[in-house]
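These notes are about the structure you will find just below.
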Amino acid sequence: MTERTGRNCIMGNHVEIGENVTLGHNCIIEDEVALADNVVIDHNVIIRKGTMIGKNSFIGANSIIGEKQITAFDGKRKESPKLTIGENALIRSGSIVYESSKIGDNFQTGHQVTIREETQIGNHVSIGTLSDIQGHCMIGNYVNLHSNVHIGQKSQIDDYVWIFPYVVLTNDPTPPSEYLQGVHICSFAVIATSSVILPGIQVEEDSMVAAGAVVTKDVKKFEVVGGNPAKKISDIRTIKNKITGENAYPWRYHFSRKMPWEDIGYMEWVDSGMSLK
Amino acid sequence: MTERTGRNCIMGNHVEIGENVTLGHNCIIEDEVALADNVVIDHNVIIRKGTMIGKNSFIGANSIIGEKQITAFDGKRKESPKLTIGENALIRSGSIVYESSKIGDNFQTGHQVTIREETQIGNHVSIGTLSDIQGHCMIGNYVNLHSNVHIGQKSQIDDYVWIFPYVVLTNDPTPPSEYLQGVHICSFAVIATSSVILPGIQVEEDSMVAAGAVVTKDVKKFEVVGGNPAKKISDIRTIKNKITGENAYPWRYHFSRKMPWEDIGYMEWVDSGMSLK
Amino acid sequence: MTERTGRNCIMGNHVEIGENVTLGHNCIIEDEVALADNVVIDHNVIIRKGTMIGKNSFIGANSIIGEKQITAFDGKRKESPKLTIGENALIRSGSIVYESSKIGDNFQTGHQVTIREETQIGNHVSIGTLSDIQGHCMIGNYVNLHSNVHIGQKSQIDDYVWIFPYVVLTNDPTPPSEYLQGVHICSFAVIATSSVILPGIQVEEDSMVAAGAVVTKDVKKFEVVGGNPAKKISDIRTIKNKITGENAYPWRYHFSRKMPWEDIGYMEWVDSGMSLK
Numbered sequence: 006m007t008e009r010t011g012r013n014c015i016m017g018n019h020v021e022i023g024e025n026v027t028l029g030h031n032c033i034i035e036d037e038v039a040l041a042d043n044v045v046i047d048h049n050v051i052i053r054k055g056t057m058i059g060k061n062s063f064i065g066a067n068s069i070i071g072e073k074q075i076t077a078f079d080g081k082r083k084e085s086p087k088l089t090i091g092e093n094a095l096i097r098s099g100s101i102v103y104e105s106s107k108i109g110d111n112f113q114t115g116h117q118v119t120i121r122e123e124t125q126i127g128n129h130v131s132i133g134t135l136s137d138i139q140g141h142c143m144i145g146n147y148v149n150l151h152s153n154v155h156i157g158q159k160s161q162i163d164d165y166v167w168i169f170p171y172v173v174l175t176n177d178p179t180p181p182s183e184y185l186q187g188v189h190i191c192s193f194a195v196i197a198t199s200s201v202i203l204p205g206i207q208v209e210e211d212s213m214v215a216a217g218a219v220v221t222k223d224v225k226k227f228e229v230v231g232g233n234p235a236k237k238i239s240d241i242r243t244i245k246n247k248i249t250g251e252n253a254y255p256w257r258y259h260f261s262r263k264m265p266w267e268d269i270g271y272m273e274w275v276d277s278g279m280s281l282k
Numbered sequence: 006m007t008e009r010t011g012r013n014c015i016m017g018n019h020v021e022i023g024e025n026v027t028l029g030h031n032c033i034i035e036d037e038v039a040l041a042d043n044v045v046i047d048h049n050v051i052i053r054k055g056t057m058i059g060k061n062s063f064i065g066a067n068s069i070i071g072e073k074q075i076t077a078f079d080g081k082r083k084e085s086p087k088l089t090i091g092e093n094a095l096i097r098s099g100s101i102v103y104e105s106s107k108i109g110d111n112f113q114t115g116h117q118v119t120i121r122e123e124t125q126i127g128n129h130v131s132i133g134t135l136s137d138i139q140g141h142c143m144i145g146n147y148v149n150l151h152s153n154v155h156i157g158q159k160s161q162i163d164d165y166v167w168i169f170p171y172v173v174l175t176n177d178p179t180p181p182s183e184y185l186q187g188v189h190i191c192s193f194a195v196i197a198t199s200s201v202i203l204p205g206i207q208v209e210e211d212s213m214v215a216a217g218a219v220v221t222k223d224v225k226k227f228e229v230v231g232g233n234p235a236k237k238i239s240d241i242r243t244i245k246n247k248i249t250g251e252n253a254y255p256w257r258y259h260f261s262r263k264m265p266w267e268d269i270g271y272m273e274w275v276d277s278g279m280s281l282k
Numbered sequence: 006m007t008e009r010t011g012r013n014c015i016m017g018n019h020v021e022i023g024e025n026v027t028l029g030h031n032c033i034i035e036d037e038v039a040l041a042d043n044v045v046i047d048h049n050v051i052i053r054k055g056t057m058i059g060k061n062s063f064i065g066a067n068s069i070i071g072e073k074q075i076t077a078f079d080g081k082r083k084e085s086p087k088l089t090i091g092e093n094a095l096i097r098s099g100s101i102v103y104e105s106s107k108i109g110d111n112f113q114t115g116h117q118v119t120i121r122e123e124t125q126i127g128n129h130v131s132i133g134t135l136s137d138i139q140g141h142c143m144i145g146n147y148v149n150l151h152s153n154v155h156i157g158q159k160s161q162i163d164d165y166v167w168i169f170p171y172v173v174l175t176n177d178p179t180p181p182s183e184y185l186q187g188v189h190i191c192s193f194a195v196i197a198t199s200s201v202i203l204p205g206i207q208v209e210e211d212s213m214v215a216a217g218a219v220v221t222k223d224v225k226k227f228e229v230v231g232g233n234p235a236k237k238i239s240d241i242r243t244i245k246n247k248i249t250g251e252n253a254y255p256w257r258y259h260f261s262r263k264m265p266w267e268d269i270g271y272m273e274w275v276d277s278g279m280s281l282k
């Protein structure tokens with residue numbers, strides 16, 4: 006039983022509820038949903054059939070979790086694998102997360118985020134307000150997508166990647182076509198605001214795409230590319246923090262908030278062997 | 006009467022319900038709504054006064070269909086022409102469609118789409134998640150707008166057009182002003198990701214605007230334009246599919262999924278005379 | 006008591022309701038909310054604890070007003086200053102406005118707008134559909150943000166500013182970092198579609214940023230800048246209205262709709278001394 010259930014809630018069959026779970030008003034919990042201990046569901050939330058949500062998670066008002074794929078024009082929903090969300094999720098209001106996806110622990114979203122089916126997301130990932138994850142893609146661990154990022158199908162994003170607002174990862178070299186090629190963003194890369202990455206492009210480790218760049222060629226390690234079409238404009242190791250005057254990149258040596266090396270710094274974290282766990 | 010009606014639904018006066026109609030929980034169906042046979046309305050949907058929805062249509066959760074115009078600061082709604090949606094619509098959750106628009110058959114949207122008043126939409130049109138159709142515009146048949154496309158007022162989009170994410174069709178040459186000039190996208194044109202089309206521009210048949218282009222001059226038939234400001238970068242007939250090595254454009258000869266020539270190819274479809282129907 | 010309250014509404018404790026207030030169906034009004042005279046709340050709206058809404062305001066369906074900040078991973082809401090919204094607000098459906106912000110009179114939004122905490126907004130401000138105000142920022146009076154504008158934290162926007170769709174005001178010169186520098190947009194500036202303003206940039210009075218510009222240097226009075234990176238492309242005083250052939254800028258001398266000089270023109274309004282009030 007829930008610790009507290011708001012008014013007008015509708016509960017399906019075979020729902021599993023952990024200890025100390027709270028539901029707001031007007032929630033619709035469909036059949037076979039499992040809510041682990043201490044989960045908080047805000048008002049007007051719909052949890053679709055079979056969804057599993059890990060302990061200590063928060064689901065914001067008006068969200069739809071485990072949304073079903075619909076075959077156009079028949080209004081019928083497909084039977085698909087369940088959505089699994091790990092522990093400590095914080096999903097802000099108005100978000101839509103589809104079934105057939107798997108999301109790790111410590112996941113966080115802004116508002117009105119859409120995450121389509123067949124999305125694999127690691128641990129400690131944050132996805133900003135209005136971002137649109139098109140599904141059929143892979144996102145690693147400790148990845149930060151800011152607001153209004155568009156991740157096309159077949160994209161692969163490795164660990165510790167930063168993507169800023171209005172970036173688009175595309176996937177069709179000759180649109181419209183049946184031959185999609187996803188973008189691959191390697192670990193520790195930074196993709197700045199409003200840039201577009203063309204299909205099949207690889208952005209290597211420790212590189213940066215500058216704001217507004219249209220990237221038509223692979224970006225090599227340590228390169229900073231910018232412009233339309235994007236060209237190499239500098240080596241990332243030469244960029245200084247404007248306030249401190251110190252080197253700012255590769256950022257893993259200079260920034261640690263919410264990273265696994267937060268308390269000790271990247272170098273000591275690697276030296277300690279903790280990065281291998 | 007409906008085939009099935011969820012809990013807490015509120016039904017207005019003079020509502021017409023066809024056979025085998027399903028309503029989810031917490032739906033609000035205002036006065037004079039007409040839902041044709043086999044319509045499925047998901048949870049928490051609001052259907053405003055006078056809206057007509059064609060048979061076999063699906064309306065996703067949390068959508069507002071037939072939204073009323075509001076005169077700022079008095080909270081009063083205007084009396085306006087009804088919204089009409091054709092058969093086989095698939096409107097995904099969180100979308101808002103205004104009154105005074107007319108939408109054809111086989112319409113499809115992603116999530117959180119906004120379609121303002123005085124929008125005319127033909128048949129077989131698809132509009133992606135978060136797209137923002139500003140109203141007072143015309144969209145033809147078999148048009149595909151991907152996610153997060155912004156269509157300014159006075160835009161005209163003909164048939165068989167493709168527009169990709171984060172494209173903006175603008176309309177004010179000297180903002181702010183009272184003199185709007187819409188963009189005209191002709192049939193079979195392709196507008197790639199994150200490009201901006203300036204006011205009054207015409208993009209001709211079988212042409213392409215490359216990703217990230219800022220288009221300040223008309224685009225001629227077969228031209229591919231790119232850059233900021235956009236210049237001609239190639240002839241579309243020279244672009245090869247990267248995987249097959251074959252010509253990729255004009256796309257109507259090489260792509261047929263969900264097009265009326267799907268089973269027979271474009272040439273045979275034209276030769277058969279079916280394109281004239 | 007309200008003039009009219011829809012079905013299934015839930016009312017908290019110590020709620021203050023003015024005269025002639027209307028609530029739609031399924032509204033959740035939390036504790037200590039104050040709704041002034043003639044406020045209209047549409048269906049499914051959530052008003053969070055302590056929110057104050059001025060008279061004659063309209064809150065669209067599915068909106069969340071006074072949304073609480075959440076400390077990640079504990080599902081706990083912080084106690085924070087209340088949200089205050091002035092008189093005559095028109096907030097369209099699906100919008101989310103956080104606590105700890107202060108909004109003046111005659112405020113207007115499109116749909117699905119997000120306004121985060123610690124946002125100061127003056128009078129007569131309009132914010133378009135899908136815009137994302139990140140909080141910790143200041144917006145003056147008579148500011149118009151069109152659809153899908155992203156305002157980063159630490160931004161300062163003065164009075165009479167126009168910002169068009171898909172513009173981003175950034176704030177981190179070396180992302181990711183802890184050293185944010187906001188953008189400053191001065192009065193009467195115009196920021197056209199899909200441009201990006203880099204961190205710490207100042208855009209001076211009566212200047213213009215052209216569509217698609219990536220602005221890396223301060224923009225001086227009367228300058229028009231465009232391109233990637235943006236360079237000066239003309240003097241704003243030389244731009245003609247394409248239809249009338251007359252000078253179009255500085256726009257304050259040529260455009261007056263909804264401005265305080267609407268009936269008399271900018272010059273006479275200044276000469277009259279009314280601009281000093």
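Residue numbers (my numbering), protein chains in the order written: chain A, 6 to 282; chain B, 6 to 282; chain C, 6 to 282.
Ideal placement from N, C-alpha and C gives every residue a C-beta, glycine not left out.
Item, Value
"So with CB distances below 7 Å, who are the chain B contacts of histidine 48 of chain C?", "Ile33 and Ile51"
"Taking only beta-carbon positions, decide if serine 259 of chain B is within less than 9 Å of chain A.", "The residue you asked about is not serine; residue 259 of chain B is histidine in the sequence shown. Closer than 9 Å: yes."
"Does isoleucine 15 of chain B come within less than 9 Å of chain E when only Cβ atoms are used?", "Of the protein chains in this structure, namely A, B and C, none is chain E."
"Could you name the residues of the same chain whose beta carbon sits closer than 8 Å to that of asparagine 246 of chain C, not counting the 5 residues immediately before and after it, in chain order?", "Asn252, Ala253 and His259"
"Once you ignore the five residues that flank isoleucine 47 of chain A on each side, which residues in its own chain have a CB closer than 6 Å to its CB?", "Rather than isoleucine, the amino acid found at residue 47 of chain A in this sequence is aspartate. Once the five neighbours on either side are set aside, the close Cβ partners of aspartate 47 of chain A are Gly29, Gly65 and Ala66."
"Quick one: Cα of threonine 243 of chain A to Cα of phenylalanine 227 of chain A, how far?", "10 Å"
"Residues of chain A with CB closer than 7 Å to the CB of tyrosine 171 of chain C, please, in chain order.", "Tyr171"
"By the three-class DSSP mapping on this structure, what secondary structure does tryptophan 167 of chain B have?", "strand"
"Looking at the unbroken beta strand (DSSP E) that takes in valine 229 of chain B, where does it start and where does it end?", "228-231"
"Applying the 10 Å Cβ sphere with the 16-neighbour rule, what's the burial state of serine 199 of chain B?", "buried"
"If we cut at 9 Å on Cβ distances, does glutamine 139 of chain A have a partner in chain C?", "no"
"Find out if the Cβ-Cβ distance for the pair glycine 99 of chain C, isoleucine 69 of chain B is shorter than 9 Å.", "yes"
"For chain B, check one thing: does any of its Cβ atoms lie closer than 9 Å to the Cβ of glutamate 104 of chain A?", "no"
"Could you tell me which chain C residues have their CB closer than 7 Å to the CB of alanine 194 of chain A, listed as they occur along the chain?", "Here the premise fails: no neighbours, minimum Cβ distance about 12 Å."
"Over the uninterrupted alpha helix (DSSP H) stretch that includes valine 102 of chain A, give me the two end residues.", "Segment 101-103 is the beta strand (DSSP E) holding valine 102 of chain A; no alpha helix (DSSP H) there."
"Taking all protein chains shown into account, decide if glycine 109 of chain C is buried (16 or more other Cβ within 10 angstroms of its Cβ) or exposed.", "buried"
"Output the distance between the C-alpha atoms of glutamate 209 of chain A and valine 220 of chain C, rounded to the nearest integer angstrom.", "26 Å"
"Please work out which residues of its chain come closer than 7 Å, Cβ to Cβ, to histidine 267 of chain B, disregarding the five sequence neighbours upstream and downstream, and give them in chain order.", "The residue you asked about is not histidine; residue 267 of chain B is glutamate in the sequence shown. Within the same chain, glutamate 267 of chain B has close Cβ partners Ser261."
"Could you tell me whether the Cβ atoms of leucine 185 of chain A and glycine 140 of chain A are closer together than 9 Å?", "no"
"Taking only beta-carbon atoms, is glycine 23 of chain C less than 9 Å away from chain B?", "no"
"Tell me the rounded alpha-carbon separation between threonine 56 of chain B and methionine 143 of chain A.", "41 Å"
"When the Cα of lysine 60 of chain B is compared with those of B/Ile52, B/Lys54, B/Leu40 and B/Ile206, which residue comes out closest?", "B/Leu40"
"So what's isoleucine 241 of chain C in DSSP terms, helix, strand or just coil?", "helix"
"Out of curiosity, what's the CA-to-CA distance linking glycine 127 of chain C and proline 181 of chain B?", "20 Å"
"Residues in the same chain with beta-carbon distance under 8 Å from proline 170 of chain A, minus the five sequence neighbours each way, listed in chain order, please.", "Gly133, His151, Ser152, Asn153, Val154, Thr198 and Ser199"
"Here's the rule: buried if 16 or more other CB atoms are within 10 angstroms of the residue's CB, otherwise exposed. What is leucine 203 of chain C?", "buried"
"Scan the stretch 90-121 of chain A for residues whose Cβ lies nearer than 9 Å to a Cβ of chain C and list them as they occur along the chain.", "Glu92, Asn93, Ala94, Leu95, Arg97, Ser98, Gly99, Asn111, Gln113, Gly115, His116 and Gln117"
"What's the C-alpha gap between alanine 77 of chain A and serine 136 of chain B?", "The predicted position of alanine 77 of chain A is uncertain, since its pLDDT is 48 and thus under 50; a value taken from the coordinates is nonetheless stated next. Near 19 Å, if we compare the C-alpha coordinates of serine 136 of chain B and alanine 77 of chain A."
"Is it right to say leucine 281 of chain C is buried, meaning 16 or more other beta carbons lie within 10 angstroms of its own, or is it exposed?", "exposed"
"Measuring straight from C-alpha to C-alpha, what distance separates lysine 263 of chain C and arginine 53 of chain B?", "29 Å"
"Please confirm whether isoleucine 51 of chain C and isoleucine 33 of chain C have their CB atoms less than 9 Å apart.", "yes"
"Nearest to phenylalanine 112 of chain A by CA position, among A/Thr175, A/Glu104, A/Ile75 and A/Phe63, is which residue?", "A/Phe63"
"Give the secondary structure of glutamate 273 of chain A by DSSP, where H, G and I count as helix, E and B as strand, and everything else as coil.", "helix"
"Please decide whether glycine 11 of chain A counts as near chain B, where near means a Cβ-Cβ distance under 9 Å.", "no"
"Should serine 5 of chain C go down as buried or exposed, given a rule of 16 or more other Cβ atoms within 10 Å for buried?", "The structure shown does not extend to residue 5 of chain C, since chain C is modelled only from 6 to 282, so the question has no answer here."
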